[in-house]
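Inspection log for the structure reproduced underneath, given as structure tokens.
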Amino acid sequence: METAAAQIASPPPPPPPPTHVAIIMDGNGRWARARGLPRTAGHKRGAEAVRRTVETAREMGIGYLTLYAFSSENWKRPAGEVTDLMGLLRLYLRNEVSNLNRNGVRLKVIGDRSRLGPDIVALIEESEAKTAGNVALTLVLALSYGGRQEIVEVARRMARAAQNGTLDPDAISEADFAAGLFTAGIPDPDLVIRTSGEKRLSNFLLWQSAYAELVFLDVLWPDFGRAELEAAVNDFHNRERRYGASAG
Ligand code: FPP
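If you use our numbering, the sequence shown corresponds to residues 423 to 670, in order.
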């Protein structure tokens with residue numbers, strides 16, 4: 423039997439990591455401006471932070487990591503910047519798949535693919551197929567993604583089904599609706615992190631984040647690393663999640 427002293431000496435095991443962490447990667451432009459560099463240099467360093475964060479999330483035992491890489495609204499940026507961001511995504515998809523496979527990472531892309539270039543769509547399909555059997559971590563890249571657009575699209579499909587008589591509007595459940603979203607089969611995020619000091623969701627996972635804990639960090643995305651991810655997860659562990667129930 424354990425003595426009292428031994429009980430005091432052994433700390434409780436650390437809590438399990440959140441199953442799903444989602445990140446709004448913000449601040450690439452400000453990181454570059456602070457150094458007198460073009461915005462594209464910030465995005466490039468941002469892509470390095472993506473690689474680092476995927477690796478760290480896997481090591482921490484996080485099951486799903488969703489990264490907001492390009493929003494529906496980002497299409498309004500100057501053409502040159504959109505081209506640069508698409509170039510970085512292309513490079514990431516081309517160069518990272520073997521690394522993802524080596525580390526057991528499955529890739530899934532969510533968002534409106536109809537607005538992406540055909541070569542990027544082909545790369546996405548190829549990368550998803552090549553990593554489909556991996557189980558250590560699911561990396562979800564939100565690309566040309568908007569939460570409101572995603573919700574409207576499900577409503578549109580359901581309205582059509584109701585109109586042609588294959589769906590009873592009174593029978594629609596939250597689970598039916600969730601099954602129509604890009605994230606069908608993926609658990610809702612437990613923790614949503616936004617970098618760069620801004621405190622907004624910016625159309626990111628609006629349905630899915632209903633009960634997520636939100637952590638806002640001042641660090642700019644290119645400087646995000648293990649210490650910041652661990653700090654956000656610690657913050658998450660210190661909060662009490664009640665899902666609308668009263669405090670016990
Ligand atoms: C916000 O910085 C970031 C983005 C618009 C997208 C994130 C893109 C990357 C991290 C690079 C490529 C991604 C992958 C997956 C390879 P901002 O430009 O809005 O910064 P600012 O608010 O300081 O101007």
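Backbone N, C-alpha and C fix where the C-beta goes; we use that ideal spot for every residue, glycine too.
Cα-Cα separation between residue i and residue j, rounded to whole angstroms
i	j	result
P440	G587	41 Å
V655	Q585	45 Å
M423	H442	Bear in mind that a pLDDT of 49 at M423, under 50, signals an unreliable position, so the number given afterwards is only what the model happens to contain. Taking the straight line joining both Cα atoms gives about 38 Å.
I546	M482	26 Å
G607	E550	15 Å
V527	I594	34 Å
D463	E662	The amino acid at residue 463 is misidentified as Asp; the sequence shows Ala. Cα to Cα, A463 sits roughly 39 Å from E662.
A469	V614	19 Å
N523	D592	44 Å
A581	Q571	15 Å
V476	V531	15 Å
S668	A501	50 Å
E652	S432	22 Å
L489	L529	11 Å
V562	P434	32 Å
S494	M508	13 Å
R537	Y514	19 Å
R473	L459	21 Å
E620	A632	19 Å
D657	R512	34 Å
A471	Q630	24 Å
E650	A544	34 Å
R664	I445	22 Å
Residue range of the unbroken beta strand (DSSP E) whose run includes residue i
i	result
F492	Y486 to S493
Residues sharing a beta bridge with residue i, DSSP
i	result
A444	T488 and V614
E635	L613
R528	T560
Y567	S493
Sub-9 Å separation of residue i and residue j beta-carbons
i	j	result
A564	G539	no
D448	T617	yes
G602	R579	yes
G568	L623	no
K552	L510	no
F599	V574	no
P611	L627	yes
W497	D645	no
A479	L589	no
L642	A456	yes
E503	R535	no
Range covered by the alpha helix (DSSP H) that runs through residue i
i	result
V472	R461 to M482
S595	Run containing S595: none; DSSP gives neither H nor E here.
I608	Neither: I608 is in no alpha helix (DSSP H) and is coded neither H nor E.
L651	R648 to H659
N450	N450 to R455
E550	P540 to T553
Cβ-heavy atom distance, residue i to the ligand FPP, below 8 Å
i	result
A536	Just to set this straight, residue 536 is Ser in the shown sequence, not Ala. Not under cutoff, so the answer is no.
D541	no
W453	yes
Y633	no
D640	no
S493	yes
M580	no
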